[in-house]
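Numbering (my numbering), first residue to last: 121 to 398.
C-beta: ideal position from N, C-alpha, C; glycine also.
Here's the structure we're looking at; comments come further down.
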C-alpha cells in the first residue's frame, strides 16, 4: 500500500544503508541514479551477507536509469522481477540492515522501498539465506586492445562466494547456472573497437554455430547493448550450464594502429541464476 512506501535520497556517495527497524521488514522496490558512473557496479548486503552484485553503467550499456527517465519508469530491480519472477525482491527482516556499496561514487541516488510488518522468508532469492544467487556476472579482459585479433574475456568481477567463471572455465560439481539474458558494454577509441563476441558451451557456439563469426558487439552496432531507459535488452530462452560444461568467451577486435582500448574497458554481463543441482 502507498502508505508503506518509503524514499531515501543521497546526493552523492558510495554507500547507502536502509537501517533495520524493530518489528518491520524492508523490501527494496526501485533504485535510480541521476548521473551513473561508467564502468561501475554495486553490491547489496542484507545483514552481513552479500546477495548480489549489479552493474550500473558499462560502456554503451546502461543498467540503472536516472529517476523517472526509464521506459515506464522501470528500474533495474523492476527488470529483475520481469525477467526472473514477481517475488524476486531484495528484502531484510527487522534485524537486517540493507546496504548498497558502490564501486564508484554516484551522484543522485534514489531508493524506494516498502516498510511493513510482514514476515520474511529468508530462503527466497535475494534474501540472506537463499541457496541460489541471482547473477549479473561481469566478465572483462586483462589485456589492452592494441592489435587486431582475438581477446579472451578472462577476468570475472564477481563477489567472493559467487560462481566465478571466465573463458575456459569448467563448471564445478553440484552447480547449475541458468542464463536468461546477455548484455555487453562496448566502447570505441578512435576506430579501435570490439567487433564480435564468441560464446561457447563445450563445442557449441551460440548464435553462429556453423561459421563461428560471432555476434556483433561493435560500438554503434552492438547487438547485446542494454539500455534500461529504452527497455532495450537481449532476452534469450533459458540456457543451462551444468557441472562439467566448459564455457569459452572471447571477442574479436580491430585496432586502428593509433588508439588502444585499456584492459577492463569492455565487459560481457551474463544475467542468470546460480542454483544447487537438484
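Sequence-distant residues of its chain with Cβ nearer than 6 Å to residue i (five each side left out)
{"i": "residue 345", "result": "180 and 181"}
{"i": "residue 165", "result": "219"}
{"i": "residue 249", "result": "242 and 243"}
{"i": "residue 262", "result": "274, 275 and 383"}
{"i": "residue 397", "result": "294 and 296"}
{"i": "residue 267", "result": "375"}
{"i": "residue 92", "result": "What the structure shows of the chain is the stretch from 121 to 398, and residue 92 is not part of that stretch, so it cannot be assessed."}
{"i": "residue 393", "result": "252, 254 and 298"}
{"i": "residue 211", "result": "147, 240 and 247"}
Cutoff 8 Å; reference residue i; Cβ partners in own chain excluding five residues on either side
{"i": "residue 348", "result": "182, 183, 184, 185, 190, 191, 194, 195, 196 and 199"}
{"i": "residue 277", "result": "161, 173, 258, 259, 260 and 387"}
{"i": "residue 310", "result": "376, 378 and 379"}
Exposure of residue i, with buried meaning 16 or more beta-carbon neighbours within 10 Å
{"i": "residue 139", "result": "exposed"}
{"i": "residue 159", "result": "buried"}
{"i": "residue 391", "result": "buried"}
{"i": "residue 385", "result": "buried"}
{"i": "residue 215", "result": "exposed"}
{"i": "residue 314", "result": "buried"}
{"i": "residue 369", "result": "buried"}
{"i": "residue 306", "result": "buried"}
{"i": "residue 330", "result": "exposed"}
{"i": "residue 156", "result": "buried"}
{"i": "residue 371", "result": "buried"}
{"i": "residue 177", "result": "buried"}
{"i": "residue 126", "result": "exposed"}
{"i": "residue 285", "result": "buried"}
Enclosing beta strand (DSSP E) for residue i [first to last residue]
{"i": "residue 337", "result": "335-338"}
{"i": "residue 127", "result": "125-138"}
{"i": "residue 148", "result": "145-155"}
{"i": "residue 360", "result": "354-362"}
{"i": "residue 392", "result": "387-396"}
{"i": "residue 369", "result": "367-374"}
Spatial neighbours of residue i in its chain, beta-carbon cut-off 7 Å, leaving aside the 5 residues before and after
{"i": "residue 175", "result": "161, 183, 256, 258 and 389"}
{"i": "residue 238", "result": "145"}
{"i": "residue 359", "result": "299"}
{"i": "residue 124", "result": "234, 235 and 236"}
{"i": "residue 395", "result": "252, 296 and 298"}
CB-CB length for residue i against residue j, believed under 8 Å
{"i": "residue 154", "j": "residue 227", "result": "6 Å"}
{"i": "residue 265", "j": "residue 312", "result": "6 Å"}
{"i": "residue 321", "j": "residue 282", "result": "About 20 Å; that fails the 8 Å criterion."}
{"i": "residue 224", "j": "residue 134", "result": "7 Å"}
{"i": "residue 247", "j": "residue 171", "result": "7 Å"}
{"i": "residue 336", "j": "residue 316", "result": "6 Å"}
Residue ranges of each beta strand (DSSP E) within the region 161-206, 3 or longer: 169-178
Kindly provide the ranges of any alpha helix (DSSP H) runs that are 4 or more residues long and lie completely inside the region 223-264, ordered along the chain. none
Could you name each continuous beta strand (DSSP E) segment of 3 residues or more that falls completely within the region 253-325, going from the start of the chain to the end? 253-260, 269-272, 275-277, 295-305 and 313-321
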